[in-house]
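S.K.: Let me begin by handing over the structure; questions about it come next.
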Amino acid sequence: MNDKKFSIGAFILLQIALFIFSFGAVCSKMAGRQEFLSIPFFAYYGALFLTLFVYAILWQQVLKRISLVVAYACKGIGIIYGILWGVLFFKEEINWKMIAGAVLVLIGVYIFVFGEIKANKKTQKPEENEQNA
Amino acid sequence: MLKFVIIFLFSVLISSIAQIILKKSAGKKYDSVIKEYLNIRVIGAYSIFFLSTLLTMYAYKGVPLTLGTLLEAAGYIYIPILSFFILKEKITPRMVIGSLFIICGIIVYNL
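First to last, the sequence lines map onto chains A and B. The first sequence maps to residues 1 to 133 in this note's numbering. The second sequence maps to residues 1 to 111 in this note's numbering.
Below you can see the structure in the form of structure tokens.
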């Protein structure tokens, strides 16, 4: 499968998609805290569907531009958003295991993304040389 | 419990297959943006996602939540393997190392 050349724009789109997706868990947890079938319950449940809908639209655009393996690896960033929203919205406590886990995930995503940039630079250079010749 | 773990892993597998179908659809050219979404592949993939959520819900009957989040990490193994065989995507040593870091991170996070 041929992916388009690496573009920062596609990675920014991916990050926006993952950022929006992370709010799905917040909406889901908030819905679970409301009285079943009450107005706030439907409001949060509706917000959950909206976030998933927007995410699905963005995800398809991301897949048009980025390799599935790399895009899927970036989903690991969700752990960091999970920690952030847990602390900000639900006053959850974080421990060293969560931080260590998040750091390992970040390193993994870093290896993926920068591997992609390196590989792309390599494929672009010969093309540039061909054009200059 | 083994039965539920197998169902969970199967659920993650079909969800990964759905991602491959989405990627296949993304690689095709369509006449309009609407058709990029309203086509048999995308609709089929999201139907599989729906089936996967039902299977996961059933599997959680016998799988603890902490183990569930770990089993979900199986996607980081399924996706590269399926991408290699079906999408013919290159799997580099960097990707294998990256996947291992992500899986280890998820394990440490859930310790």
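The beta-carbon is built from N, C-alpha and C at its ideal position, and this holds for glycine as well.
Against Thr92(B), what residues of chain A qualify as contacts under a CB-to-CB distance less than 8 Å, listed in chain order?
M.R.: Gly115, Ala119
S.K.: Taking the alpha-carbon positions, what's the Ala10(A) to Arg65(A) distance?
M.R.: If you take the alpha carbons of Ala10(A) and Arg65(A), they lie about 6 Å apart.
S.K.: Quick one, are the C-beta atoms of Leu14(A) and Leu58(A) less than 9 Å apart?
M.R.: yes
S.K.: Where does Ile14(B) sit, in a helix, a strand or coil, going by DSSP?
M.R.: helix
S.K.: Please list the terminal residues of the continuous alpha helix (DSSP H) segment that includes Ala43(A).
M.R.: Per DSSP, Ala43(A) belongs to the alpha helix (DSSP H) from 39-65.
S.K.: State yes or no: is the C-beta of Ser22(A) within less than 9 Å of the C-beta of Tyr110(A)?
M.R.: no
S.K.: So Lys29(A) is in the alpha helix (DSSP H); what residue range does that whole segment cover?
M.R.: 8-33
S.K.: Within the 9 Å Cβ cut-off, does Tyr60(B) reach chain A?
M.R.: no
S.K.: Hey, how far is the Cα of Phe49(A) from the Cα of Glu116(A)?
M.R.: 32 Å
S.K.: Express the C-alpha separation of Ala73(A) and Lys35(B) in angstroms, rounding to a whole number.
M.R.: 27 Å
S.K.: When DSSP labels each residue in this structure, what does Pro80(B) get in the three-state scheme?
M.R.: helix
S.K.: Measuring only the C-alpha atoms, how far is Val70(A) from Lys61(B)?
M.R.: 32 Å
S.K.: Quick one: measure Cβ to Cβ for Gly75(B) and Ser15(B), integer angstroms, because I've assumed they're closer than 8 Å.
M.R.: 7 Å
S.K.: Just the chain B side, please: which residues come within less than 8 Å of Ser28(A) by C-beta, in chain order?
M.R.: Ordered by position in chain B, no residue passes the 8 Å Cβ test against Ser28(A), which lies about 12 Å from the chain.
S.K.: When you compare only the Cα positions, how much space is there between Phe112(A) and Ile97(B)?
M.R.: 9 Å
S.K.: Take every Cβ of the region 83-97 of chain A, pair it with every Cβ of the region 48-60 of chain B, and state whether three or more of those distances are shorter than 8 Å.
M.R.: In short, these stretches do not touch, since the Cβ pair count stays below three.
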